[in-house]
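In this note's numbering, the protein residues as written are 15 to 614.
Structural data, given as structure tokens:
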């Protein structure tokens, strides 16, 4: 497959120098490190490790990835849109978000997949070469003790596993490369089976675990830990057990049925769910033993968001995503100097690109469709009613919803920032332009963010994800047993929601857990992938078919305005079965020996 190794070697000098007084990945650029002197001493190896992390650890906020990609074929705007705008979580109202629109229109091709979604495709192979080089030569460093060498070897094995997981969930089985190829050598490594890729990833994680610390000093925040490794293992096994892969027949067969092993197991095994449940439980236990945990202050389970220009206390859910370096965060992308474990406003993004124009942006933001708003239950745990004929009680409707709704979006009359304390989201209101869904998605935009003070968490792994993984996997393995209820109820309780009703069937519990995952992991770069691994993306209103919003009208006089609403269809999306897997870039397929995914 790989004629890209010559390119990899040419780019090897794109390294980052180290600094002892900042977070590990917050470094100044440098180009003075060659392959040979990367292992001259511990300091040079640390410099090299900084680059490996930079190239290996993706950002969930895609605008950050563009600066990490040393390729001219990826444009700035290709890397701006979040994956939420390509699922039922959101819609990119800005026309310049071309690539999310391409996905939603089903206009995906092998020739544009790198620009549309996987703009880190090539950089992963650079990272893998660097990782394999450390595994080959790391023991040569003369002034490093054995403990440090073992730790570094463990870190790069974790990073190799992380890179392969990112490819696995996009393409299925990919070529396994565990050695260093020299420049100029043409190498054709065929795709490995899905099962072999899973085994390879798990082997790297298991071998890394004994030599990874639980935590680091502040200046080293962002490096791989044992808790992060178990979180990654939980994710890998959860995906492996899911319907997309844990099946005798894939959703679309390869041209040669014998090649179906590249994209699924080729059989169903219920034990895969047990393995996933066990991995999630092990990760939860290690996290709790070492000071991690859910944010759950009883007084903040259901704080009263005060509308009309005033603000209330932050709810637990909002604290979990807005407060920097809180105990729920296991691993974060390191990209800013304002705080370890956070990223700053890079080139006015994402504040510029995620905020609607009415809030100081020159773009138009991400709006949440009614398709997703419907997922928020009422405070008593029952479904909210959104009548097709509309109603005159919008503010009352919002007040009845799960507290996480108001902690995730900007809605009519809500407080957004001091600059715009009352959201005028109604026909004729200045905040309504392009707000097709009826609310603006604002999770990860802090309450009073400006281009001067913008700092946010960029989360790779967090504790709430582990609880959700455990509940999902345990239900699939054993049905809705008490431990599965306990895990999901812990998530609901901390946000002021009642426990799930007892006596649910396995399928009823499955649907409730999936809904909980949708609400809790909103805008965390999970929904896009969850819909594919569950094989429900093609369902109407999910990633396919009609998308609805709210037309909102204000009547009456201040201070007694009334807000009426009516649903309407603002968009029809297309999701084709082949889109459950990415196509490999056409340039890679043309090199030979790389079998393309079905339908492409």
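A virtual CB, placed ideally from N, CA and C, is assigned to each residue, including glycine. It should be emphasised that the depicted structure is a prediction, and the values quoted were computed from it without experimental measurement.
May I ask you to report which of helix, strand or coil DSSP gives residue i?
i: residue 502; result: helix
i: residue 543; result: helix
i: residue 299; result: helix
i: residue 106; result: strand
i: residue 263; result: coil
i: residue 136; result: helix
i: residue 292; result: helix
i: residue 555; result: coil
i: residue 35; result: Bear in mind that a pLDDT of 31 at residue 35, under 50, signals an unreliable position, so the number given afterwards is only what the model happens to contain. Three-state DSSP puts residue 35 in coil, outside helix and strand.
i: residue 454; result: strand
i: residue 239; result: coil
i: residue 415; result: strand
i: residue 41; result: At residue 41, the pLDDT of 40 sits below 50, so the modelled position is not reliable; the number obtained from the coordinates is stated separately. It is coil, neither helix nor strand.
i: residue 202; result: coil
i: residue 565; result: strand
i: residue 228; result: coil
i: residue 273; result: helix
i: residue 150; result: helix
i: residue 311; result: coil
i: residue 248; result: helix
i: residue 361; result: Residue confidence for residue 361 is low, a pLDDT of 44 falling below 50, so the modelled location carries little weight; the figure read from the coordinates is stated next. Coil.
i: residue 268; result: coil
i: residue 470; result: strand
i: residue 595; result: coil
The beta strand (DSSP E) that contains residue i, what's its start and end?
i: residue 193; result: Here residue 193 belongs to no beta strand (DSSP E), and DSSP marks it neither H nor E.
i: residue 581; result: 576-587
i: residue 400; result: Taken as a continuous stretch (DSSP letters only), residue 400 belongs to no beta strand (DSSP E), as it is neither H nor E.
i: residue 335; result: From DSSP, residue 335 is part of no beta strand (DSSP E) but of the alpha helix (DSSP H) over 330-336.
i: residue 343; result: 343-346
i: residue 601; result: Element bounds for residue 601: not the beta strand (DSSP E) but the alpha helix (DSSP H), 600-603.
i: residue 475; result: 473-476
Near residue i, what residues of its chain come up, given a Cβ to Cβ distance below 6 Å and the 5 sequence neighbours on each side ignored?
i: residue 89; result: Because the pLDDT at residue 89 is just 46, under 50, the model does not fix this residue reliably, and the value given afterwards should be weighed accordingly. No residues qualify anywhere along the chain.
i: residue 601; result: none
i: residue 21; result: Residue placement at residue 21 is poorly supported in this model, since its pLDDT is 33, which falls under 50; the coordinates are not used for a value here.
i: residue 92; result: Residue placement at residue 92 is poorly supported in this model, since its pLDDT is 45, which falls under 50; the coordinates still yield a value, given next. Contacts found: 113, 129 and 133.
i: residue 613; result: 266 and 592
i: residue 10; result: Here the chain covers residues 15 to 614 and nothing more, so residue 10 does not appear.
i: residue 295; result: 484
Step through the CB atoms of chain B and report whether any lies within less than 8 Å of the CB of residue i.
i: residue 255; result: Absent here is chain B; the protein component of the structure consists of one chain.
How is the alpha helix (DSSP H) around residue i delimited, first residue to last?
i: residue 53; result: Premise fails: residue 53 is in no alpha helix (DSSP H) and is neither H nor E.
i: residue 4; result: Since the first residue of the chain shown is 15 and the last is 614, residue 4 is not available in this structure.
i: residue 181; result: 160-185
i: residue 380; result: No alpha helix (DSSP H) contains residue 380, which is instead part of the beta strand (DSSP E) from 380-382.
i: residue 216; result: 208-222
i: residue 116; result: 112-118
i: residue 537; result: Element bounds for residue 537: n/a, residue is neither H nor E.
i: residue 128; result: 127-130
By Cβ distance, which residues of its chain are closer than 7 Å to residue i, with the 5 residues on each side in sequence left out?
i: residue 608; result: 15, 205, 598 and 602
i: residue 343; result: 355, 471, 473 and 476
i: residue 544; result: 531
i: residue 361; result: Because residue 361 sits at a pLDDT of 44, beneath the cut-off of 50, its placement in the model cannot be relied upon, and the following sentence gives the value as read from the coordinates. Nothing meets the Cβ criterion.
i: residue 99; result: 105, 106, 111, 114 and 380
Since residue i and residue j should fall inside the 8 Å C-beta cutoff, what is the C-beta to C-beta distance between them, to a whole number of angstroms?
i: residue 446; j: residue 439; result: 5 Å
i: residue 640; j: residue 381; result: Nothing in the structure corresponds to residue 640, since the chain is present only between 15 and 614.
i: residue 520; j: residue 493; result: 5 Å
i: residue 209; j: residue 279; result: 6 Å
i: residue 408; j: residue 579; result: 5 Å
i: residue 70; j: residue 244; result: Not quite, the Cβ-Cβ distance comes to about 18 Å (not below 8 Å), so this is no contact.
i: residue 216; j: residue 247; result: 7 Å
i: residue 611; j: residue 186; result: 7 Å
i: residue 459; j: residue 369; result: 7 Å
Just checking residue i against the ligand GDP - is the residue's beta carbon closer than 7 Å to any of the ligand's heavy atoms?
i: residue 447; result: By its list of ligands, the structure shown contains no ligand whatsoever, and the ligand GDP lies outside what it can speak to.
Excluding the 5 residues preceding and the 5 following residue i in the sequence, name in chain order all residues of the same chain whose CB lies nearer than 8 Å to its CB.
i: residue 173; result: 66, 67, 70, 71, 141, 145 and 238
i: residue 274; result: 263, 264, 267, 268 and 280
How about the segment 163-183 and the segment 133-144: do they share at least three Cβ pairs that are nearer than 8 Å? yes
Taking one C-beta from the segment 326-336 and one from the segment 415-432 each time, how about it: are there three or more such pairs within less than 8 Å? yes
Using 8 Å as the Cβ pair cut-off and three pairs as the minimum, do the segment 282-291 and the segment 225-244 touch? no
Measuring CB atoms only, is the segment 503-510 touching the segment 309-320, in the sense that at least three cross pairs come out at less than 8 Å? yes
Taking one C-beta from the segment 551-566 and one from the segment 470-490 each time, how about it: are there three or more such pairs within less than 8 Å? no
Does the count of Cβ pairs from the segment 49-59 and the segment 152-167 closer than 8 Å reach three? yes
Could you tell me whether the segment 531-538 touches the segment 378-391, where touching means 3 or more Cβ pairs closer than 8 Å? yes
Closer than 8 Å is the cut-off here; do at least three beta carbon pairs connect the segment 398-406 with the segment 425-433? no
Between the segment 215-228 and the segment 256-271, are three or more C-beta pairs nearer than 8 Å? no
With a cut-off of 8 Å, do at least 3 Cβ pairs link the segment 578-595 to the segment 544-553? yes
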